[in-house]
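A.B. asks:
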Amino acid sequence: MKKLNLIFLSAFLVFAMALVGCNQTGNDGSSSTSSIGGGSNSNSSSNSSQPNPDIPETISQQALASVQTAVEINGTYSIFGYTHDFTTIFSENTYYNVESYFNDDYPEVVVPYSEVNVLLENDEVYLLQSKADNTEVKTKIDYEWSIFENPFQDLTVDDFIYDELFDCYSVATNKQLALGNAVTNWNHTEPVEMTVTVENDVITSMTATLSTEHDGDITYEMTFSNHSTAKAPSVTYETKPEHEALQTAFEAFNNQNYTVTVSDEAYSEEDKPYDVTYHIYRTDSAWYHDYEEIGYAHYNDAIYDFSVENDVAILGTEFTDFNPFSYTPSLEVAPELFTLVEEGTYKLANSFLVPIVMPSFAISSDLYSLGGYYGMDFYVYVDNGALTGFSFNYNVQTLYACVTATFSEVGTTEMPFEIDFGEPGGEDPTLPVIPTEYIGNYSGELSQGTFNGETAITIEITADTITVNGVEATITAYDAYEGFTLILNDVEYYLYKHEL
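With the working numbering applied, the sequence shown corresponds to residues 1 to 500, in that order.
If you want it as structure tokens, here you go:
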């Protein structure tokens with residue numbers, strides 16, 4: 001099977017440098033094609049058709065009508081030892097599909113797979129996304145609304161035949177494939193079986209078995225709810241009284257020095273030997289990571305690296321690769337993005353938001369990249385008005401683990417060794433943040449979609465900036481293997497070296 005994530009359609013460049021949207025790939029090896037919405041069938045007959053007296057008993061018009069307007073569908077299926085859960089919502093002017101999965105051996109780690117939130121407004125189709133400040137990004141996309149419409153509108157009562165033995169209705173074979181693709185947001189090769197159950201003239205559930213090109217037959221179990229009232233969720237979040245304490249904790253922590261204890265613990269027993277616990281110390285003039293045994297300090301209006309020998313800091317060389325002091329929590333994220341779980345514990349409302357909140361919790365480049373690329377189930381912890389830490393699960397290939405960061409000595413942290421090689425410098429110097437191998441000018445054509453209405457793309461990269469068609473990007477993350485994570489026009493992109 002294969003699923004297409006609409007958010008990234010307009011950002012795919014292939015030439016010496018490639019700029020792509022953050023297309024997600026599941027770790028479960030699934031290989032199906034995406035359906036990206038409901039879709040209509042031009043060959044279907046009118047909804048007002050009456051039951052044919054010459055065929056067996058069909059579903060009632062009232063039951064069919066119960067799912068032809070707005071409806072929420074929650075489903076689950078299993079494949080290759082992974083359990084997938086999904087929700088699809090159809091309404092008059094919104095469409096929503098979200099899917100996550102977990103390894104059956106590690107159900108604690110629920111991996112976000114894809115999310116699409118679409119709005120029809122003034123006959124235009126928009127993709128909706130959240131920003132870290134709890135505002136909405138609305139991006140016009142080049143799709144007809146018809147592919148997001150409720151697929152039950154294309155069916156008639158004659159498409160459902162009563163099965164007395166199992167007390168359910170079988171969907172007509174020639175309608176099963178299109179209907180199954182639409183409600184699951186996956187493409188399949190052929191139908192096997194599809195039935196719906198009816199209670200009090202309302203369709204309440206559906207079971208569908210559909211074939212795929214590479215993954216065999218997959219059975220989906222689905223329930224229907226919120227008939228006539230369902231609507232895609234908002235991408236902004238309500239301010240509640242419990243958010244005041246979180247906002248206070250964020251503001252109190254900003255611009256403070258701190259010590260942080262980081263525990264990286266695997267859920268799997270075979271990976272337990274690789275568990276680590278380490279400390280990061282951050283003061284106004286120095287930063288030290290005791291696991292990597294590397295530090296950085298302001299000195300003579302520059303930044304130098306240093307090592308520690310016999311509890312004494314040994315000054316190294318001037319460091320110009322990037323500014324390590326930029327990795328400090330800014331906590332500019334809106335507290336409304338978090339939900340109070342219990343006293344002092346807040347959870348990020350949506351794991352798909354982890355990449356946009358990680359910049360607010362940056363304490364080191366490695367954790368920044370780990371959380372930004374692989375993080376989920378993000379929690380923050382508050383005690384007596386103070387931020388005490390945060391945690392998140394992550395999944396990298398076969399590793400399922402949890403990172404917990406616990407703050408201490410906030411505002412009073414000192415380095416746990418002697419550091420005295422002169423008066424520390426003051427302001428952070430302006431340092432290049434982009435490796436030299438990226439610097440240059442690149443041009444090409446988009447293979448899909450447009451950028452600001454243009455198909456031709458020019459990327460200009462200097463030591464400090466990345467500009468696409470004259471729009472300067474915000475650099476939110478860099479990894480030597482994954483490349484850069486950028487924000488352009490409030491949309492997240494990846495930029496990486498593409499060797500031809």
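The C-beta atom is built at its ideal place from N, Cα and C for all residues, glycine as well.
Grouping DSSP H, G and I as helix and E and B as strand, with all else coil, what is Asp85?
C.D. replies: Position 85 of the sequence shown holds residue 85. Asp85: strand per DSSP, three-state reduction.
A.B. asks: Which full runs of the beta strand (DSSP E) of 3+ residues lie inside the region 113 to 181, going along the chain?
C.D. replies: Complete beta strand (DSSP E) runs here, min 3: 124 to 130, 136 to 140, 160 to 163, 168 to 171.
A.B. asks: Tell me the DSSP bridge mates of Phe392?
C.D. replies: As a working mapping, residue 392 is identified with position 392 in the sequence shown. Phe392 pairs with Val403.
A.B. asks: In whole angstroms, what is the alpha-carbon distance linking Thr474 and Asp217?
C.D. replies: As a position in the sequence shown, residue 474 is number 474, starting the count at 1. As a position in the sequence shown, residue 217 is number 217, starting the count at 1. So the alpha carbons of these two residues sit roughly 44 Å apart.
A.B. asks: Just to check my reading of the structure: Met415 and Tyr394 have Cβ atoms closer than 8 Å, yes? What is that Cβ distance to the nearest angstrom?
C.D. replies: Along the sequence shown, one-based indexing puts residue 415 at 415. Along the sequence shown, one-based indexing puts residue 394 at 394. Not really, about 29 Å apart at Cβ, beyond 8 Å.
A.B. asks: CB-CB under 8 Å to Ile314, same chain, minus the five flanking residues each way: which ones, in chain order?
C.D. replies: On the sequence shown, position 314 is the one that residue 314 refers to. These residues qualify, in order along the chain: Phe306, Ser307, Val308.
A.B. asks: First and last residue of the beta strand (DSSP E) that includes Glu524?
C.D. replies: There is simply no residue 524 to check, as the chain begins at 1 and stops at 500 in what is shown.
A.B. asks: For a minimum of 3 consecutive residues, which ranges assigned as the beta strand (DSSP E) are wholly contained in the region 316 to 358?
C.D. replies: As far as the region 316 to 358 is concerned, its whole beta strand (DSSP E) runs of at least 3 residues are 338 to 342, 345 to 348.
A.B. asks: With a CB to CB cut of under 7 Å and the five nearest residues on each side skipped, what residues in its chain are close to Thr135?
C.D. replies: Numbered from 1 along the sequence shown, position 135 holds the residue referred to as residue 135. Excluding sequence neighbours, Thr135 sits near Thr236.
A.B. asks: Do you know whose CA, among Val491, Gly453, Ala401, lies nearest Pro107's CA?
C.D. replies: Against the sequence shown, residue 107 aligns to sequence position 107. The candidate whose alpha carbon is nearest that of Pro107 is Ala401.
A.B. asks: Taking all protein chains shown into account, decide if Tyr438 is buried (16 or more other Cβ within 10 angstroms of its Cβ) or exposed.
C.D. replies: Residue 438 sits at position 438 when you count from the first residue of the sequence shown. So Tyr438 ends up on the buried side.
A.B. asks: Figure out for me which residue from Ala463, Thr462, Glu445, Ile461 has the closest Cα to the Cα of Thr455.
C.D. replies: As a first step, residue 455 is located in the sequence shown; it is residue number 455 there, counting from the start. The shortest Cα separation from Thr455 among Ala463, Thr462, Glu445, Ile461 belongs to Glu445.
A.B. asks: Starting from Met415, follow its DSSP beta bridges and name the residues at the other end.
C.D. replies: Along the sequence shown, one-based indexing puts residue 415 at 415. BP columns for Met415 are empty, so no partner.
A.B. asks: Should Pro324 be labelled buried (16 or more other beta-carbon atoms within 10 Å of its own) or exposed?
C.D. replies: Residue numbering aside, residue 324 sits at position 324 when the sequence shown is read from its first letter. So Pro324 counts as buried.
A.B. asks: Beta-carbon separation of Ser330 and Asn257 under 8 Å?
C.D. replies: The residue you call residue 330 lines up with position 330 of the sequence shown. The residue you call residue 257 lines up with position 257 of the sequence shown. In this structure, Asn257 does not lie closer than 8 Å to Ser330 by Cβ.
A.B. asks: Let me make sure I understand the geometry here. Which of Asp142, Thr195, Glu149, Pro191 has the alpha-carbon closest to that of Leu165?
C.D. replies: Counted from its first residue, the sequence shown places residue 165 at position 165. Checked all of Asp142, Thr195, Glu149, Pro191; the closest Cα to Leu165 is Thr195.
A.B. asks: Assign Pro241 to one of three DSSP states: helix, strand, or coil.
C.D. replies: Stepping through the sequence shown from its first residue, residue 241 is reached at position 241. Note: Pro241 maps to coil in three-state DSSP.
A.B. asks: Give the range of the beta strand (DSSP E) segment to which Asp217 is assigned.
C.D. replies: The residue given as residue 217 occupies position 217 in the sequence shown. Asp217 -> beta strand (DSSP E) spans 217 to 225.
A.B. asks: What first and last residue would you give for the beta strand (DSSP E) that runs through Ser205?
C.D. replies: Sequence index remark: in the sequence shown, residue 205 carries index 205 (1-based). Start and end: 202 to 211.
A.B. asks: Glu460 to Ile363, Cα distance in whole Å?
C.D. replies: As a working mapping, residue 460 is identified with position 460 in the sequence shown. As a working mapping, residue 363 is identified with position 363 in the sequence shown. Near 29 Å, if we compare the C-alpha coordinates of Ile363 and Glu460.
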